[in-house]
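The numbers in the sequence shown follow the working numbering, run straight up by one, and end at 889.
Okay, structure first, notes after.
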Amino acid sequence: MTPAARLLAAIQVLDSADTLRRPLDAALRDYFATRRYAGSKDRAAVSDLVFTVARRRGDLDVRLTESGVKRTTAHRVALVAGTAGFGADDTYAPPALSPEALTGLERAVALPEGRPRLPGAFEGRIAQRFRTAGPGQDDPAAHEQMLAEVASLLEHAPVDLRVAGDRDVARAALAELGLVANPTPWSPLGLRLVSEGNPSNFRGILASSELLRTGEAEVQDEGSQLAALFVQASAGHTVLDRCAGAGGKALALADLTFGKAKILACDVNAARLQSLEGRVRTDAARKAVTTEVVPPRTGRLSGRTFDRVLCDVPCTGSGTVRRAPDLPWRLSENELAETVRTQAAILDECEPLVAPRGRLVYVTCSLFEEENDAQAKAFLSRNPNFHLVPAQQIWASLGLSNGPDGGAPSFVRGGTLLLSPRRSQTDGFFVAVFERD
Numbered sequence: 453m454t455p456a457a458r459l460l461a462a463i464q465v466l467d468s469a470d471t472l473r474r475p476l477d478a479a480l481r482d483y484f485a486t487r488r489y490a491g492s493k494d495r496a497a498v499s500d501l502v503f504t505v506a507r508r509r510g511d512l513d514v515r516l517t518e519s520g521v522k523r524t525t526a527h528r529v530a531l532v533a534g535t536a537g538f539g540a541d542d543t544y545a546p547p548a549l550s551p552e553a554l555t556g557l558e559r560a561v562a563l564p565e566g567r568p569r570l571p572g573a574f575e576g577r578i579a580q581r582f583r584t585a586g587p588g589q590d591d592p593a594a595h596e597q598m599l600a601e602v603a604s605l606l607e608h609a610p611v612d613l614r615v616a617g618d619r620d621v622a623r624a625a626l627a628e629l630g631l632v633a634n635p636t637p638w639s640p641l642g643l644r645l646v647s648e649g650n651p652s653n654f655r656g657i658l659a660s661s662e663l664l665r666t667g668e669a670e671v672q673d674e675g676s677q678l679a680a681l682f683v684q685a686s687a688g689h690t691v692l693d694r695c696a697g698a699g700g701k702a703l704a705l706a707d708l709t710f711g712k713a714k715i716l717a718c719d720v721n722a723a724r725l726q727s728l729e730g731r732v733r734t735d736a737a738r739k740a741v742t743t744e745v746v747p748p749r750t751g752r753l754s755g756r757t758f759d760r761v762l763c764d765v766p767c768t769g770s771g772t773v774r775r776a777p778d779l780p781w782r783l784s785e786n787e788l789a790e791t792v793r794t795q796a797a798i799l800d801e802c803e804p805l806v807a808p809r810g811r812l813v814y815v816t817c818s819l820f821e822e823e824n825d826a827q828a829k830a831f832l833s834r835n836p837n838f839h840l841v842p843a844q845q846i847w848a849s850l851g852l853s854n855g856p857d858g859g860a861p862s863f864v865r866g867g868t869l870l871l872s873p874r875r876s877q878t879d880g881f882f883v884a885v886f887e888r889d
């Protein structure tokens, strides 16, 4: 692909994702599926430009508006990559820009870069988490924390691995592949690859590694590892992973219990469970994990009880913006409201499945109050026979690292666990653990 063709490809991918309201990685995959001529360097260059424009979209739009230029995908790409390829003598080049647009883009380029930005409603929900002032009152401290959270959300996510065996052995194996990895700061299971560029560049090397082929290591964000640890499953426990998806946490639980728990991984989507079955590689996972497709509201699990019920529910994914910087621009109020209703329904479905003295572990990868603390409080109000197990207590019992002041880290101190890129250097996760009295 020529440089101009790469510009056109990026514009087409971004426009497709916007129009069809679908994730960028899906739009990229579909685009290149019909363009086999594109080489690996072309794919990498287009993908990098697409994600760069998505990460900087908020600031790009401010600069375009201030310069009198219409906020279009082509203009955003031109502001990031330059205008040289537009209207090039190339069959696969973006159309030439108008003289007015070129003049406006020159003004926009001259403006200093602003702060990282997300849609106002999204930023408002992030700020809400930190508010201490009364309704209608300004809260400068909450605003400053929001700005820091947003900046962290728009950085590249590192590549974390969960190691089933000895971390030092895994580090040595990675070093033989030319990869440097350090222990994750909080999870005793994790390694974080050290990168000076885009961490996604590691994926090709990892895909062919013996560590991943045998299941001795899995790509899994440190936050997801901590969520699995918070289940506190033990040998002999029966465990239900109600929304297992591709099964990262179910596999972690199998390895944590050395294959001596019985783990039922359920999901409404058969394709996701097939993906999980293909990832069952360690002896522990083969011994512990079974799968079952369970459509919603069918009562198929009724009559069964479990010592641990993990509800890693569908959510907005607002904590995963580092990996999906386009997500905030796709998220609608209706989608959020429907997601909150679905989460409550899953909790109510799972409540009778918890054995006496058993635990229900509620997990989201969201930073929004409506999906997190509000859901936890509503569940407890509907179910007075459950109580919240303080996150500080679980953190201490797991023997996890303390914060700089010697106490539990700040993201553990509210009775629940709220991780974020800024606070814990992980994806955003919320964990609340309820125990039946």
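A virtual CB, placed ideally from N, CA and C, is assigned to each residue, including glycine.
Since we're looking at a predicted model, the values are computed, not measured.
Item	Value
Taking all protein chains shown into account, decide if Arg508 is buried (16 or more other Cβ within 10 angstroms of its Cβ) or exposed.	buried
Verify whether the separation of the beta carbon atoms of Val841 and Arg760 is less than 8 Å.	no
Within this structure, are the beta carbons of Cys718 and Leu692 separated by less than 8 Å?	yes
Pro587: buried (16+ other C-beta within 10 angstroms of its C-beta) or exposed?	exposed
Flag this pair as yes or no: are the beta carbons of Ser770 and Ser818 separated by less than 8 Å?	yes
Taking DSSP as the reference, what is the three-state secondary structure of Gly866?	coil
Determine the DSSP secondary structure at Pro856, reduced to helix, strand or coil.	coil
Using a Cβ-Cβ cut-off of 8 Å (strictly less than) and excluding sequence neighbours within five positions of Ala776, which residues of its own chain qualify?	Pro475, Leu476, Asp477 and Gly769
Which term fits Gln726, buried or exposed, when burial requires 16 or more other beta carbons within 10 angstroms of its beta carbon?	exposed
Classify Leu705 as buried or exposed, calling it buried when 16 or more other Cβ atoms lie within 10 Å of its own Cβ.	buried
So, are the CB atoms of Lys712 and Ala687 less than 8 Å apart?	yes
To the nearest angstrom, how far is the alpha carbon of Glu518 from that of His527?	13 Å
Contact defined as beta carbons within less than 8 Å: I believe Val532 pairs with Leu554. What is the distance between those atoms, to the nearest angstrom?	Rounded, the Cβ-Cβ distance is 15 Å, inconsistent with contact.
Just to confirm my understanding: we take Ser784, look at its own chain, exclude 5 residues before and 5 after, and list those with CB closer than 8 Å. What are they?	none
With burial defined as no fewer than 16 other Cβ atoms inside 10 Å of the residue's Cβ, what is the status of Pro856: buried or exposed?	exposed
Near Gly617, which residues of its chain fall below 6 Å by C-beta distance, leaving aside the five closest residues on each side in sequence?	Glu668
Ordered along the chain, which non-local residues of its own chain (more than five positions away) have a Cβ less than 6 Å from that of Arg515?	Ala560 and Leu563
Count the other CB atoms, across all protein chains shown, that sit within 10 Å of the CB of Lys701; report buried if there are 16 or more and exposed otherwise.	buried
Could you pull out every residue in the same chain whose Cβ sits closer than 6 Å to the Cβ of Arg473, ignoring the five residues on either side in sequence?	Arg782
Going by beta carbon distance, what residues of the same chain come within less than 6 Å of Pro568, once the five residues before and after it are set aside?	Val602, Ala603 and Leu606
Under the rule that 16 or more other beta-carbon atoms within 10 Å means buried, what is Arg644, buried or exposed?	buried
Going along the chain, which unbroken runs of the alpha helix (DSSP H) with 4 or more residues stay wholly within the stretch 609-635?	619-628
If you compare alpha carbons, which of Pro610, Arg752, Gly675 and Pro635 is closest to Val621?	Pro635
I'd like the list of long-range same chain contacts for Leu799, defined as Cβ closer than 8 Å, with 5 residues on each side in sequence excluded.	Cys763, Val765, Leu812, Tyr814, Gln827 and Phe831
Helix, strand or coil: how does DSSP classify Leu850 here?	coil
Flag this pair as yes or no: are the beta carbons of Pro780 and Pro571 separated by less than 8 Å?	yes
Could you tell me the boundaries of the alpha helix (DSSP H) in which Pro873 lies?	Pro873 to Ser876
Look up Glu801 in the DSSP assignment and say whether it is helix, strand or coil.	helix
Using DSSP's beta-bridge definition, name the partner residues of Cys718.	Glu744
Nearest to Arg865 by alpha carbon, out of Ala848, Leu664 and Leu641?	Ala848
With a Cβ-Cβ cutoff of 8 Å, do Ile578 and Val529 count as a contact?	no
Taking the beta carbon of Val611 as the centre, do at least 16 other beta carbons fall within 10 Å, making it buried, or is it exposed?	buried
Is there contact here, the stretch 541-554 with the stretch 456-471, by at least three beta-carbon pairs under 8 Å?	yes
Taking all protein chains shown into account, do 16 or more other C-beta atoms lie within 10 angstroms of the C-beta of Glu729, making it buried, or fewer, making it exposed?	exposed
In whole angstroms, give me the CA-to-CA distance for Glu801 and Thr791.	15 Å
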